[in-house]
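Engineer: Residue numbers (this note's numbering): 38 to 329.
#1: How should residue 203 be labelled, buried or exposed, when 16 other C-beta atoms within 10 angstroms of its C-beta is the threshold for buried?
#2: What is the DSSP secondary structure of residue 272, reduced to helix, strand or coil?
#3: Quickly, what does DSSP pair residue 86 with across the bridge? List them, please.
#4: Decide if the region 205–213 is in contact with the region 178–190; the criterion is three or more beta carbon pairs, one per stretch, under 8 Å apart.
#5: Got a sec? Which residues, its chain only, sit under 8 Å from residue 87 by beta carbon, not counting five neighbours each side?
#6: Should the region 151–163 be called in touch with the region 120–127, which here means at least 3 C-beta pairs below 8 Å?
#7: For the alpha helix (DSSP H) that residue 128 lies in, which residues bound it at each end?
#8: Going by beta-carbon coordinates alone, are residue 333 and residue 73 separated by less than 8 Å?
#9: Drop a sphere of 10 angstroms on the beta-carbon of residue 309, count the other beta-carbons inside from all chains shown, and report buried for 16 or more, exposed for fewer.
#10: So the candidates are 231, 273, 313 and 291; which of them puts its Cα closest to the Cα of residue 260?
#11: With DSSP collapsed to three states, give me the class of residue 263.
#12: Residue range of the beta strand (DSSP E) that residue 289 falls in?
#13: For residue 163, tell me which candidate among 60, 64, 277 and 300 has the shortest Cα-Cα distance.
#14: When you compare each of 240, 229, 320 and 192 to residue 218 by their alpha carbons, which one comes out closest?
#15: Taking all protein chains shown into account, decide if residue 50 is buried (16 or more other Cβ within 10 angstroms of its Cβ) or exposed.
#16: In terms of DSSP beta bridges, what is residue 300 paired with?
#17: Hey, quick one: how far does the alpha helix (DSSP H) through residue 221 stretch, first residue to last?
#18: Go ahead and label residue 168 buried or exposed: buried means 16 or more other beta carbons lie within 10 angstroms of its beta carbon, across all protein chains shown.
#19: Looking at the unbroken alpha helix (DSSP H) that takes in residue 199, where does it start and where does it end?
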């Protein structure tokens, strides 16, 4: 696997594995939709359909000071739209430079290729493909239905999977993906996954939940009160400033007593500042006097 592809592989898997762990999503029930709804809500991304007659624009991402929007071709079939949605999200998560991106048929610059790789992984993470192929012994067709993917995008994803874990080149990866499509129960892909099973499991297990992503997940779920006793990075000024800027319903504050400080934020739509301070005082008091 080329260095650029490996970089996207790491970023995309860290992103989706964090979400799977935070949300406690069962691997055998995974689809991209919950993640997509989560990230678009969290990042305040506006999503809508578009249609450009006589053009081949499948998706558009627009980022400026007013916010973030993504759109997808309304006449595309649903599985094509799914790939486009994750592709457009990829531009945002990968922090691509620029404010305007268009996904077009057969017109792939490096950023669009990176977004393609990101999309394919979000639709079908390694750990999910291991479950579907090696554990459940699903066919190519069954996997495409389960993961809401087109045949083309699944073939693309399986080719990349084979390239990474089989240490092979593009042409051979495509050959192995096609073989699995036609003969799933006696294919080279099964052998590759069997040999790589422990590595794939370890990659998932070793993914540590990012503290800021955990904080974001609590905010997404409208947790009324969050302190640095739960999320240690809340003691950092830059993190509190991020919260104030990104999430207007949350405010941050601090309470000091007996040489100790508790940093916290609260959902202003759920509890008052006075109640938040009372909660902070109780937590700090219990810590000082070691009470449960």
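Cβ atoms here follow ideal geometry from the backbone N, Cα and C, with glycine treated the same way.
Structural biologist: Once the coordinates are examined:
#1: buried
#2: helix
#3: 109
#4: no
#5: 94, 97, 108, 109, 110 and 111
#6: yes
#7: 115–130
#8: With the chain covering 38 to 329 only, the question about residue 333 has no answer from this structure.
#9: exposed
#10: 313
#11: strand
#12: 287–294
#13: 64
#14: 192
#15: buried
#16: 291
#17: Premise fails: residue 221 is in no alpha helix (DSSP H) and is neither H nor E.
#18: buried
#19: 188–203
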